[in-house]
Amino acid sequence: MEKFRKSERLCSRKSIGRLFSGGNILFHYPFKMIWLESAGENPFPARIVIGVSGKKIKRAVNRNRIKRLIRESYRASKGRLYESLTLRNRHIDIALLYVADNVYDYDLIDMKLKELFNKFIQNDEPGKEIL
RNA sequence: UCAGCAGGCCGUUCCAUCGCUUCCCGCUUUAUACGGGGGGGAGGAAAGUCCGGGCAGCACAGGGCAUCACGCUUCCUAACAGGAAGAUACCUGUGAGGGUAUGGAGAGCGGAGAAGAAAAUAACCGCCCCGGCAAUCCGGGGUAAGGGUGAGAAGGUGAGGUAAGAGCUCACCGGUCCGUUUGGCGACAAACGGAGCCGUCCGCCCCGUGAGCUGUAAGGCCAUGUAUAUUUCGGGUUUUCUGAUAAUUCAGAAAGGCAGGGUUGCCCGCCCUGGUAUUCUGCUCUGCAGGAUAACCGGAAGGGGUAGGUCGCAAGAGGCAAUUGGCAACAAUUGUCCCAGAUAAAUGAUGGAAAUCCCUUUUGGGAUACAGAACCCGGCUUACAGGCCUGCUGAUUUU
RNA sequence: UGUCCUGUGGUGUAAUUGGCAACACGUCUGACUCUGGAUCAGAAGAGUCCAGGUUCGACCCCUGGCAGGACAA
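So this is what it looks like as structure tokens:
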């Protein structure tokens, strides 16, 4: 259950380009989430790409650390998101960008990410039929 | 004991649970998909990209000029602007030490703002001589000892000498050059003898050594797709020789011209690639003239698609240990080990111990630097909590 | 990841074989005007991104940092 496989990550250059050019944006500090409905050929309901700006976080050490923290937190808390998506048989691509310009610790990032996903699920449910 | 100098080294460790990446096994399985088991998984600077190589592609007969880099000596090294051991001069620290410079030219040419008389054929003030009857003064000449300017002013001190002075002469001192001897592989050092030869800095200049260009997004293969689409304009189409043949034909070779490219920049020269074909008309028909159209080359106009996989790519100027040679950098021999390989990019999270340091105070609380591989090595430079080892210096105390 | 370039008042630019850091706009003060603009007169504002070195002397030359930017799928 708490695995994080390659097919759960978004690796295609084309898909990422499509995502950034026409994705829906959901903002919850310190994250910016861009998501888009996808074809749905892979076995997992979501594919994710994590980004940290080199403009905001100068040192590569800190950038790597933030990415690892986000990935770890995502791995732990993606269950609820998957549940909500599989219930309605949807597949999405997600880009998760870190927009703060200082480093936070694991507890805060974990909490904020959970809040973000709750927000996403709540926003998604009533608008389901329209989409 | 305190303060410091030089050189070298380390730069957190262990356990549990859950993950990521890569390789192996092939237990399960149609299947190396998913499970399962096992091994490996950031640094001394991985950084800056400042030098030098390896490797790859392209290019390459050669010559001249220019450009750039380096520049005391000997050695080390694959190589270097790196390193080791030394030489000379200057600066700096009480000291252990530290820092900087050093190819050649006694040549020649150019420059040195402002200031100053003058920045190198030196006369502003001063000093001395002569002339203007005399005189504060004016004119001519001599003089580099004194003054002031400047970063720098024609070696320094003393004596002789002189109208006044001056290496003009002499003694001593400093430097330079020449010669000889000794020591050293050498840079150079020391000693002796000789020459009145004597301002500083920079550039041009001369000599030696080195430098082809581009970088793994190099480059190779596979897959997909395809535009060498198409339109238009311009260039372009020779000669000689040899053999065969009925031949104006065919085959081969050479040269020239044309187009493009290369040779780091320029010139000469050279090299590479392409094509050098077909046909019509006229005439004087082994030939000449004119035209047309291809191949090919160049300019302009002119849509889209793919952007994946794999090799390169992890056994190397490799690490570790011992011995030997060397003052050392380093080298040789033997033994032993296999030690990251991602690609929207792995090396992480949580909890608990330990170690070191700090604050408080006996309950504890906090901190652990600088920083993240991207083709690979050798250096340099920069950042860095804390700690260890070796040698040495200064101060104080005790014996 | 690789290859390059730039850094001067608040802003945009000069400074040429190394020799007093200049100009325009802007800012401030005064004059003119009923007031503002325009105009005129005057003033302030930098020590050249930072740290060393060469030199008598450095924006300029050399070395090392820092910051910003460009190009190469």
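For what it's worth, numbering that gives the first Met the number 0 labels the leading residue of the first sequence as 0, then goes sequentially. The beta carbon of each residue, even a glycine, is placed where N, CA and C say it ideally should be.
Residues that DSSP places opposite Phe26 in a beta bridge: Lys31
N- and C-terminal bounds of the alpha helix (DSSP H) containing Tyr73: Ala59 to Leu86
Proximity test, Lys111 beta-carbon vs the ligand MG heavy atom, cut-off 8 Å: For the structure depicted, the ligand MG is absent and the ligand set is empty, with no information on it obtainable.
Neighbour-count burial assignment, Ile91, 16 or more Cβ in a 10 Å radius: buried
Buried/exposed call for Phe26, threshold 16 Cβ in 10 Å: Flag for Phe26 reads exposed.
Contact between the region 94–102 and the region 30–37 (3+ Cβ pairs under 8 Å): yes
Close-in-space but distant-in-sequence residues of the same chain around Gly145 (CB under 7 Å, 5 per side omitted): Look at the range of the chain in this structure, 0 to 130, and you will see that residue 145 is not part of it.
Which of helix, strand or coil DSSP assigns to Leu18: helix
Where Val51 falls, given that 16 or more other Cβ within 10 Å makes a residue buried: buried
Which of helix, strand or coil DSSP assigns to Asp109: helix
Bridge-paired residues (DSSP) for Gly50: Leu96
Inter-residue Cα distance where the pair is Ser76 and Glu114: 10 Å
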